[in-house]
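Numbering (this note's numbering), first residue to last: 213 to 449.
Structure first, then comments.
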């Protein structure tokens, strides 16, 4: 809300300057009313762009979370179906490895390996695995069962075509999230430039406006009192 409040503060400053009528006639182009009005429009648009990108990002990440949430259960069903189909033990072992990789689990029958505390700390768990890694491990599982002629499933979601369709959705969502993340980041950069960092941003321009009003109307004037206490909240950039 800091950015919204700062734009509203700038709106008040522009309103007061407009109310000064012909007495407000700065020589600097960036302080003139037309320029201030354009800057206000751009500032509001920058907020709208960030809001739209954030909404798109949230929707995509929510969709991805829902899709990936049931992936361990689906993968387990695939392995059980593979086993019931009479697949070779080698194929089953490969499938189990991919399942453990995508869920961050370890083989129960594997002898524990000596490891340092740092290695234990850095070993990924399912919740810590990236969505890209999860999709990659799932893709390897799908590939393993797709080349085994013994794998048969009448359930659409467990068929090879169904699993490939789910994998396609996973990759599509991962790609979409990555793209929208860049879009959101760029929108925030543009907003910060419009509000704070550029020489023509609303904060430095407002400081210059206050100095001009003080110079023209005087330190103790009613005009300067109107705007001198209109401050901006420092935003984290």
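C-beta: ideal position from N, C-alpha, C; glycine also.
Problem - Environment of residue 290 [buried if 16+ CB atoms lie within 10 Å] - result: buried
Exercise for the section: With a threshold of 16 other CB atoms inside 10 Å of the CB of residue 361, please say whether the residue is buried or exposed. Expected result: exposed
Handout entry: residue 356 vs residue 379 beta-carbon contact at 8 Å
Key = no
Practice task
Find out if the Cβ-Cβ distance for the pair residue 287, residue 353 is shorter than 8 Å.
Solution key: yes
Handout entry: Proximal residues to residue 331 (C-beta, below 7 Å), its chain only, five neighbours per side dropped
Key = Low local confidence applies: a pLDDT of 44 at residue 331 is under 50, so the model's placement there is unreliable, and no value is given.
Handout entry: Proximity to residue 310 [Cα-Cα], best of 416, 349, 404, 213
Key = 349
Practice task
Find out if the Cβ-Cβ distance for the pair residue 243, residue 226 is shorter than 8 Å.
Solution key: no
Problem - Pair within 8 Å by beta-carbon distance, residue 219 and residue 259 - result: yes
Problem - CA nearest to the CA of residue 296, picked from 365, 272, 409 - result: 365
Practice task
Determine the direct distance from the alpha carbon of residue 224 to that of residue 441, and round the result to whole angstroms.
Solution key: 11 Å
Practice task
Report yes if the C-beta distance between residue 386 and residue 344 is below 8 Å; otherwise report no.
Solution key: yes
Handout entry: Contact check, residue 217 vs residue 409, beta carbons under 8 Å
Key = no
Practice task
Please list, in chain order, all residues of the same chain as residue 430 whose beta carbon is under 8 Å from its beta carbon, the five residues on each side excluded.
Solution key: 436
Practice task
Return yes when the Cβ of residue 265 is within less than 8 Å of the Cβ of residue 395, no when it is not.
Solution key: yes
Problem - Buried/exposed call for residue 282, threshold 16 Cβ in 10 Å - result: exposed
Exercise for the section: Could you check how far apart the C-beta atoms of residue 439 and residue 222 are, in whole angstroms? I think they sit under 8 Å. Expected result: Going by Cβ atoms, the distance from residue 439 to residue 222 rounds to 11 Å, so no, they are not a contact pair.
Problem - Nearest-angstrom beta carbon gap, residue 407 and residue 414 [assumed within contact, 8 Å] - result: 5 Å
Handout entry: Backbone CA spacing between residue 419 and residue 316 [nearest angstrom]
Key = 55 Å
Practice task
Let me know if residue 392 comes out buried or exposed under the rule of 16 or more other beta-carbons within 10 Å of its beta-carbon.
Solution key: buried
Practice task
Below 6 Å CB to CB, which residues in the same chain sit around residue 274 once its five sequence neighbours on both sides are set aside?
Solution key: none
Practice task
Jot down the residue ranges of each uninterrupted beta strand (DSSP E) in the segment 335-423, minimum 3 residues, whole runs only, in chain order.
Solution key: none
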